[in-house]
Amino acid sequence: MQLYLELFFSFFKIGLFGFGGGYAMLPLIQHEVVGAHHQWLNMVDFTDIVAISQITPGPVAINMATYVGYTVSGNIWGSMLATLGVTLPPLLIMLIISRFYLKFRKNQYVEMAFSTLRPGILGLIAAAAISLVNSYNFIDKTSGLIFATVFVACLYRIHPMKLIIASGLAGLIIYR
Amino acid sequence: MRELWQIFLSFFRIGMFTLGGGYAMLPLIQCEVVEKRQWVDNREFIELLALAQTAPGPMAINAAVFVGYKHRGIAGSLAACLGMTLPSFLIILIIAMYLVGFRENHYVECFFKGVRPAVVALIAAPLYALGKAIKIRWWGVPLTALIAAAIAFAGISPAILVVAASLIGLFGGMLQKKRGEKPDATVS
């Protein structure tokens, strides 16, 4: 019972203080699951799960919670509690933020703030794309070709899911 | 009830294909939620990203909660959140239970060699359309470039820039108002 509570609260903490999402949360997660007071995982397992997260869908924090919950408790309940723990704080906080936003978005001061925030968010998206142009994602000329093809296909409004599957299949054929 | 099921399914689909971090989800959300279902428009989509950045936790969860809440209140946000979480939960559970060597599998590796550059293209391609949708003004373009460079090359935290960008808009707008000008913000 103690173990399940610890799992829940550790991941609750990660959900509550994990600002910046994704890989910005990794040091915090590492502190909770590899660090001094729990040692649920060793560093090799931790790195493995980060790697698995890169090739499985969904947020890395959720993946980590599900995996650690299962390996530590040996059953699905630990997995569920850890995942619930990491999901609950963002759910509650975002509910409050959404409520306020929908209420005050016509307010002129909120609109003023958003007038510069909107281009700013475009900058955030552009930064994400720029930082992903690295030797991990682009390994050879074929990668560039896939990038260009998908870019153009996306402008022609082909659904992203179809493009992801198609490029994966292309990878299977080309790199086989 | 059907609406809630619809929300759940849409986010289940998004959760299923969000490969490669939070931003990879953006084109999927845009396709599924903005264009197909029209639960939020392009402008709200940008604003929801701003809100999702300021709250803690995975951006995917925050975005799902916002869309679900806007469309169907608290029940809607729970349906969206569950839909978003379930695919990764199930897949990781299966891997933890049975597939220890999954990552080293040759075919899995080949598949992802193809997917990785595609994900980058999917994130970059909608930028122009989004800029048009938010009616970006002349000063918006250098601002966008500056913020992109600050994050990508100077390693400044996005959360700080989100706060800074909104403060600039707030004080700029108040200054214009004080001078008796019509604030930029109310023109569009």
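If you read the protein sequences in the order shown, they are chains S and Z. Here the first sequence stands for residues 4 to 179, numbered as in the working numbering. Here the second sequence stands for residues 21 to 208, numbered as in the working numbering. From the three backbone atoms N, C-alpha and C, an ideal C-beta is built for every residue, glycine too.
With 16 other CB atoms within 10 Å as the buried threshold, where does Z:V207 fall?
-> Here residue 207 of chain Z refers to the residue found at position 187 of the second sequence. Note that Z:V207 scores 44 on pLDDT, short of 50, meaning its location in the model is unreliable; the coordinates nonetheless yield the value given after this. By the neighbour-count rule (16 or more Cβ atoms within 10 Å), Z:V207 is not buried but exposed.
Can you grab the Cα-Cα spacing for the pair S:V47 / S:S170, in whole Å?
-> As a first step, residue 47 of chain S must be located in the first sequence, where it is residue number 44. As a first step, residue 170 of chain S must be located in the first sequence, where it is residue number 167. The alpha-carbon atoms of S:V47 and S:S170 are separated by roughly 30 Å.
Beta-carbon proximity of Z:P146 to Z:Q73, cut-off 9 Å | Position 126 of the second sequence, counted from the first residue, corresponds to residue 146 of chain Z. Position 53 of the second sequence, counted from the first residue, corresponds to residue 73 of chain Z. No.
Alpha-carbon spacing of Z:G96 relative to Z:L71, whole angstroms = Numbered from its first residue, the second sequence carries residue 96 of chain Z at position 76. Numbered from its first residue, the second sequence carries residue 71 of chain Z at position 51. Computed Cα separation, rounded: 18 Å.
Please check if any C-beta of chain S sits within less than 9 Å of the C-beta of Z:F37.
-> By one-based count along the second sequence, residue 37 of chain Z stands at place 17. Yes - at least one Cβ of chain S is within 9 Å of the one on Z:F37.
Between Z:I34 and Z:V53, is the Cβ-Cβ spacing less than 9 Å?
-> Here residue 34 of chain Z refers to the residue found at position 14 when the second sequence is read from its first residue. Here residue 53 of chain Z refers to the residue found at position 33 when the second sequence is read from its first residue. Yes, the pair counts as a contact, with Cβ atoms nearer than the cut-off.
Could you work out which residues of chain Z lie near S:T59, taking near to mean beta carbons separated by less than 8 Å?
-> Here the question's residue 59 of chain S lines up with position 56 in the first sequence. Simply L39, S108, I111, I112, I115.
Proximal residues of chain Z, C-beta to C-beta of S:I124 below 7 Å = Counting from one through the first sequence, the residue named residue 124 of chain S turns up at place 121. By Cβ distance, chain Z contributes I66, L69, A70.
Z:A185 (DSSP reduced to helix, strand or coil) = The residue you call residue 185 of chain Z lines up with position 165 of the second sequence. When DSSP states are grouped into helix, strand and coil, Z:A185 belongs to the helix group.
Report, in whole angstroms, the separation of the C-beta atoms of Z:L163 and S:G174, which I expect to be a contact under 8 Å.
-> In the second sequence, counting from the first residue as 1, residue 163 of chain Z sits at position 143. In the first sequence, counting from the first residue as 1, residue 174 of chain S sits at position 171. 37 Å between Cβ atoms; not a contact.
Run the CB neighbour count on S:Y70, radius 10 Å, all protein chains shown included, and call it buried at 16 or more, exposed below.
-> Counting from one through the first sequence, the residue named residue 70 of chain S turns up at place 67. Classification for S:Y70: buried.
Cross-chain neighbours of Z:F28 in chain S, by beta carbon under 9 Å | Stepping through the second sequence from its first residue, residue 28 of chain Z is reached at position 8. Within chain S, no residue comes near Z:F28; the closest Cβ sits about 15 Å away, beyond 9 Å.
For the ligand COA, is there a heavy atom less than 8 Å away from the beta-carbon of S:G61?
-> Among the ligands in the structure shown, none appear at all, so the ligand COA cannot be discussed.
For S:V47, which of helix, strand or coil comes out of DSSP?
-> Residue mapping note: residue 47 of chain S aligns to position 44 of the first sequence, counting from 1. Reduced to three states, the DSSP call for S:V47 is helix.
Could you spell out the range, first to last residue, of the alpha helix (DSSP H) harbouring Z:K90?
-> Your numbering for residue 90 of chain Z matches position 70 in the second sequence. Looking at the DSSP string, the run of the alpha helix (DSSP H) that includes Z:K90 is 79-117.
Can you find a CB in chain S that lies within less than 9 Å of the CB of Z:A95?
-> Locating residue 95 of chain Z in the second sequence gives position 75, where the first residue counts as 1. No, Z:A95 lies away from the interface with chain S (no Cβ there is under 9 Å from its Cβ).
Nearest-angstrom Cα distance between Z:Y127 and S:T119?
-> What you label residue 127 of chain Z is simply residue 107 of the second sequence in a count that begins at 1. What you label residue 119 of chain S is simply residue 116 of the first sequence in a count that begins at 1. Their backbone Cα atoms lie some 45 Å apart in a straight line.
In the segment 152-173 of chain S, which residues sit with their C-beta less than 9 Å from some C-beta in chain Z, listed in chain order?
-> T152, V153, F154, V155, A156, C157, L158, R160, H162, P163, M164, L166, I167, I168, A169, S170, G171, L172, A173
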